[in-house]
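Okay, structure first, notes after.
2 protein chains.
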Amino acid sequence: MQDVSSHMVRRLQRFVSLTNAELALLADMERDSRAVSAGDWLWQEGDAADTLLVLTEGWSCSARYLPDGSRQLLEIFLPGDILGIGELADGKRRSDVSMLTDGRISEYAYPRLRELFERAERLRSALFVIANQRQAMLAERLVSVARRNARQRLAHFLCECRARLLEPASARQRFLLPLSQQDLADALGMSTVHISRTFSSLACLGLVRRRHYHILILDPARLERLAGFNGAYLQCDPQLLAPEPPAAEIQ
Amino acid sequence: MQDVSSHMVRRLQRFVSLTNAELALLADMERDSRAVSAGDWLWQEGDAADTLLVLTEGWSCSARYLPDGSRQLLEIFLPGDILGIGELADGKRRSDVSMLTDGRISEYAYPRLRELFERAERLRSALFVIANQRQAMLAERLVSVARRNARQRLAHFLCECRARLLEPASARQRFLLPLSQQDLADALGMSTVHISRTFSSLACLGLVRRRHYHILILDPARLERLAGFNGAYLQCDPQLLAPEPPAAEIQ
DNA sequence: CGTGATATTGATTCCACTCAATATGAGTGG
DNA sequence: CCACTCATATTGAGTGGAATCAATATCACG
């Protein structure tokens, strides 16, 4: 039996309950990880893509840079997240990805992946589900930026981060959010100044406090109500995934 | 040899060059289509999903409705587009989809699909590529709404529509855009009033004219420059798809 | 203890919103 | 064929939320 408590395994098990054989394969996948530092690029737009990445530890993000020098953060990746799923399709990285914190990543070359899929088809489906969930998150951010005011937008983002954490719900009232106000501004389509003011305003309402990258959510329920947050898009009904194969088949 | 000129086939052939056998399978896929009217719902959030839809004719869109009654258009679908790819993963529709115009759709039940994939694995890959491109479009709209001003935003949207049309580039200077200013506002996170003003402003600059849902692009190059449009995200490098199978194999 | 990154606060500006009035045009029935 | 209606679009006036500019403040770190 392998290290079942790895972040990635815990993340995958939100979608499929894994067999021992599958756990073994995944443990193998994370076998050799390498350390990366905050600010390091994992890849850049246009790079050739021939690996899947597992973010074993740390946070990272994908971004688009605009001609005027501003940038838009597209996705935020948390420990355990799998990066580069979409690129499986066409072999070209389509946005810049860099580390927000120090961390560890393990790489998985496409040929090894194919091999993995042959032995555990359900993992392929799991990737498809994850890609799908990413799209839902992107859509939700579009809604945020297009339709919600600054306070709702920030509140919604905090709710989403909270919901994505792997810790049990009870332990998610305070957590580390390793994004500077500049990062938050770039993610939410706001100015840094207004991020600051909006945090003040949320604090005034007794909803949230932030100090040195630490978030304390004082009133989760009221925050979600304010944000119009509905976590359904983060869940997934794994029923339609291929059923767990009989143990014999994967001996 | 089947009806090669169907919208869907032309769309798929942007990604893979299809064999005769694959063309036959696809023609079968579109065999029985049914008419739908502008405003008809194709499905709603939460519906059980067990079919893929091909939009044989007409335009449609997916949308999220907010508690305050406003809505955000997420995706715009053009003739030939395939709807419900993501839902293959978890069997639940995740947004409302309705027709913008009259049209025709043909449905494809999942069991039939699996059968299809067995006979033509490359079509499965093609779906994955398409899902991926959709995500890229969503990301690009997020960038638009978060970072571009009204003029660039509308200009960018028009450039994208133009690029997605199946007509040869020379014939895309004028086209039908069957979205009301209300629809455009809902898609771009603006007010109807400002859509109107922005069209005026684009007309003043000699870039675009709109009359009764008809768009005339006067200066495509300058429009793209203004919008910061780069169509790369709409293309896809199909190299990494499984190679075309030998003819014998699919007899 | 100084330095540079990060955050707060105040003053001002501006883009896009809202409200409201008017225009245009397609469709309908007298 | 014209008058009426309803949906859609245009235009003007006034407002406001968030941006920008600018001046501190806080804090981690060497």
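Residue numbers (the working numbering), protein chains in the order written: chain Y, 1329 to 1579; chain G, 1329 to 1579.
Just so it is clear, CB atoms sit at the ideal spot from N, CA and C, and this is done for glycine as well.
Close Cβ partners of C1487 of chain G (< 7 Å) along its chain, the five nearest in sequence each way excluded: L1551, E1552, A1555, F1557
Run the CB neighbour count on R1539 of chain G, radius 10 Å, all protein chains shown included, and call it buried at 16 or more, exposed below. exposed
Using CA coordinates, which residue listed in Y:A1515, Y:A1560, Y:D1424, Y:M1357 is at the minimum distance from L1444 of chain Y? Y:M1357
Which first and last residues belong to the alpha helix (DSSP H) in which Q1510 of chain Y is found? 1509-1516
Smallest Cα separation from R1362 of chain G: which of G:L1544, G:G1431, G:A1464? G:G1431
Run through chain G and tell me which residues come within less than 8 Å of Q1400 of chain Y, C-beta to C-beta. L1470, V1471, A1474, R1475
Give me, in chain order, the residues of the same chain whose beta-carbon lies closer than 7 Å to that of S1524 of chain Y; leave out the 5 immediate sequence neighbours on both sides. Q1509
Mind checking the stretch 1434-1457 of chain G against chain Y and listing, in chain order, the residues whose C-beta falls within less than 8 Å of any C-beta there? S1453, F1456, V1457
Would you report the Cα separation of G1408 of chain G and E1385 of chain G, rounded to the nearest angstrom? 7 Å
Report the start-end ranges of each alpha helix (DSSP H) in the stretch 1338-1390 of chain G that is 4 residues or longer and not cut off at the edges. 1348-1357
With distances taken between CB atoms, is the gap from S1453 of chain G to D1368 of chain G smaller than 8 Å? no
Quick one: complete beta strand (DSSP E) runs, 3+ long, within the stretch 1483-1546 of chain G? 1502-1504, 1536-1539, 1542-1545
Using CA atoms only, rank isn't needed, just tell me which of Y:A1497, Y:A1515, Y:A1437, Y:V1536 is closest to T1379 of chain Y. Y:A1437
Starting from Q1400 of chain Y and walking both ways along the beta strand (DSSP E), at which residues does that stretch end? 1399-1405
What number of angstroms, rounded off, separates the C-alpha of Q1579 of chain Y from the C-alpha of R1399 of chain G? Reliability of the predicted coordinates at Q1579 of chain Y is poor, the pLDDT of 34 falling under 50, and the value obtained from them is presented with this limitation in mind. If I take the Cα positions, the gap works out to 51 Å.
Proximal residues, the stretch 1331-1353 of chain Y versus chain G, C-beta separation under 8 Å: none
Applying the 10 Å Cβ sphere with the 16-neighbour rule, what's the burial state of E1577 of chain G? In this predicted model, E1577 of chain G has a pLDDT of only 40, less than 50, meaning its place in the structure is not dependable enough to derive any value.
Here's a check: name, in chain order, each residue in its chain whose Cβ is nearer than 7 Å to the Cβ of D1375 of chain G, leaving out the five neighbours to either side. R1421
I'd like the list of long-range same chain contacts for A1366 of chain G, defined as Cβ closer than 6 Å, with 5 residues on each side in sequence excluded. M1427, T1429, D1430
If you measure from the beta carbon of G1517 of chain G to each beta carbon in chain Y, is any gap under 8 Å? yes
Does DSSP put R1442 of chain Y in a helix, a strand or coil? helix
Using CA coordinates, which residue listed in Y:L1346, Y:A1391, Y:P1548, Y:Y1561 is at the minimum distance from L1516 of chain Y? Y:A1391
Buried or exposed (CB count within 10 angstroms, at least 16 for buried), V1332 of chain G: Any reading at V1332 of chain G must be qualified, since the residue scores a pLDDT of 45, below 50, and its modelled position is unreliable; the value itself is stated next. V1332 of chain G comes out exposed.
Taking 8 Å as the CB-CB limit, is R1492 of chain G close to chain Y? no
Could you check which residue in Y:R1479, Y:E1495, Y:A1417 has the C-alpha nearest to that of Q1463 of chain G? Y:A1417
Amino acids of chain Y, ordered along the chain, whose beta-carbon sits closer than 9 Å to that of A1459 of chain G: G1414, A1417, F1456, A1459, N1460, Q1463
Contact set for D1424 of chain G: own chain, Cβ-Cβ below 6 Å, skip 5 residues either direction: Q1372, E1373, A1391
For a test of the three-state rule: what should DSSP assign to S1472 of chain G, helix, strand or coil? helix
I want to verify the contact list: residues of chain Y whose CB lies under 8 Å from the CB of L1466 of chain G, in sequence order. Q1463, L1466, A1467, L1470
What residues of chain Y sit near G1556 of chain G, judged by a beta carbon separation below 7 Å? L1394, P1395
Among Y:V1364, Y:W1387, Y:L1340, Y:H1335, the one whose alpha carbon lies nearest that of Y1541 of chain Y: Y:W1387
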